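*Asks:* The sequence shown begins at 183 in the numbering used here and counts up by one.
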Amino acid sequence: MSAFAEFREALAAFPVVAILRGVRPEEAVAVAEALVARGVRIVEVPLNSPEPLRSIEALARAFEGRAVIGAGTVLTPEEVEQVAAAGGRLVVSPNADVAVVAATKRLGLVSSPGFQTPSEAFAAIHAGADVLKIFPGEAATPAIVRALAAVIPASVPMLLVGGVAADTIERWRDTPIAGFGIGSSLYRAGDMPAAVAGKAEAFAAALRSAGRIQRFPIQGETP
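#1: Could you check what DSSP says for ALA216 in three-state terms: helix, strand or coil?
#2: Using the three-state DSSP reduction, which class does ILE395 fall into: helix, strand or coil?
#3: Locate the alpha helix (DSSP H) running through PHE186, then write down its first and last residues.
#4: If you run the structure through DSSP and keep just helix, strand and coil, what is VAL283?
#5: Using only CA atoms, which one of SER294, GLN264, ALA268 and VAL213 lies nearest to PRO276?
#6: Determine contact between the region 200-220 and the region 315-325, defined as no fewer than three beta-carbon pairs at a distance below 8 Å.
#7: What's the gap between the Cα of ALA387 and the Cα of SER366?
#8: VAL262 lies in the alpha helix (DSSP H); which residues open and close that run?
#9: Which value, in whole angstroms, describes the spacing of the CA atoms of GLU208 and GLU233?
#10: Return helix, strand or coil for GLU226, following the three-state DSSP convention.
#11: Do the region 233-253 and the region 355-369 meet, that is, are 3 or more Cβ pairs less than 8 Å apart?
#12: Note down, in chain order, each residue of its chain lying with its Cβ closer than 6 Å to the Cβ of PRO228, except the 5 sequence neighbours on either side.
#13: How many whole angstroms separate the CB atoms of ALA392 and ILE351, which I take to be in contact at a CB cut-off of 8 Å?
#14: What first and last residue would you give for the beta strand (DSSP E) that runs through VAL333?
#15: Which two residues bound the contiguous alpha helix (DSSP H) that contains ILE307?
#16: Between the Cα of MET340 and the Cα atoms of VAL313, ALA329 and VAL333, which residue gives the shortest distance?
#17: Kindly indicate the opening and closing residues of the alpha helix (DSSP H) around ARG238.
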């Protein structure tokens with residue numbers, strides 16, 4: 183299965199990219215396990231976290247076949263190569279740098295650059311972007327998203343990243359948003375796995391309420 187096919191399958195199952203900004207290598211697997219056990223299937227470690235490549239390498243090994251692991255805040259082609267070498271399958275950026283997109287696709291990874299305008303979106307798409315990240319999400323509205331979706335190809339999913347909490351998921355019902363990048367509402371540096379698990383359960387409940395997922399049994403409980 184291609185990296186993008188794996189990503190799309192994971193996003194359809196649970197439309198959240200968990201952003202573990204600030205996570206440390208020694209805690210990354212336990213934190214991610216709390217998320218994956220509750221349905222999350224895409225995990226991103228931003229490169230401005232402590233020793234991020236070590237975390238990505240550990241997560242890629244621990245969750246092979248269970249979750250898509252990638253990097254965020256990827257700003258250069260050289261960083262793309264480092265992510266690939268660590269086993270990452272997803273490259274997320276805050277901006278639409280065509281050189282980063284091209285390097286990502288050359289290595290067979292999923293490219294998710296950030297954008298705000300149609301010009302940025304189409305520059306990224308023409309460079310090979312797989313997924314577009316509306317960032318910062320705080321600046322978006324359902325009306326803006328619908329206007330963007332009128333011109334952006336339906337084959338390119340749009341994710342909303344920034345300012346999303348469990349109690350705001352409902353706002354995006356019946357919009358073209360394919361999923362959400364969730365950072366501090368799901369994980370803050372230093373959070374213990376039990377705290378992260380509770381936040382993940384709140385997001386799962388919100389997604390079910392909004393009709394975006396079905397009931398997902400926590401690992402160990404009876405479906």
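Beta carbons are placed, not taken as given, at the ideal position from N, Cα and C, and that holds for glycine. This one's a predicted model, so the numbers in the text were calculated from it and none came from an experiment.
*Replies:* Let's see:
#1: Three-state DSSP puts ALA216 in a helix.
#2: In this structure, ILE395 counts as coil in the three-state DSSP scheme.
#3: Segment 185-195, the alpha helix (DSSP H) holding PHE186.
#4: In the structure shown, VAL283 sits in a helix (DSSP, three-state: H, G or I).
#5: Out of SER294, GLN264, ALA268 and VAL213, SER294 has the C-alpha closest to the C-alpha of PRO276.
#6: Cβ pair count under 8 Å is below three, so no.
#7: Those two C-alpha atoms are separated by around 18 Å.
#8: Per DSSP, VAL262 belongs to the alpha helix (DSSP H) from 259-268.
#9: Going from the Cα of GLU208 to the Cα of GLU233 covers about 10 Å.
#10: Collapsing the DSSP output to three states places GLU226 in a strand.
#11: Output reads no: the region 355-369 does not touch the region 233-253.
#12: Shown here for PRO228: same chain residues with a beta carbon closer than 6 Å to its own, the five before and five after excluded, namely ARG203, GLY254 and THR255 in chain order.
#13: Contact between ALA392 and ILE351 holds: CB atoms are separated by about 5 Å, below the 8 Å threshold.
#14: First-last for VAL333: undefined, no H or E at that position.
#15: Per DSSP, the unbroken alpha helix (DSSP H) holding ILE307 starts and ends at 300-309.
#16: Comparing Cα-Cα distances from MET340 to each of VAL313, ALA329 and VAL333, the minimum goes to VAL313.
#17: What sits at residue 238 in the sequence shown is Ile, not Arg. Looking at the DSSP string, the run of the alpha helix (DSSP H) that includes ILE238 is 234-244.
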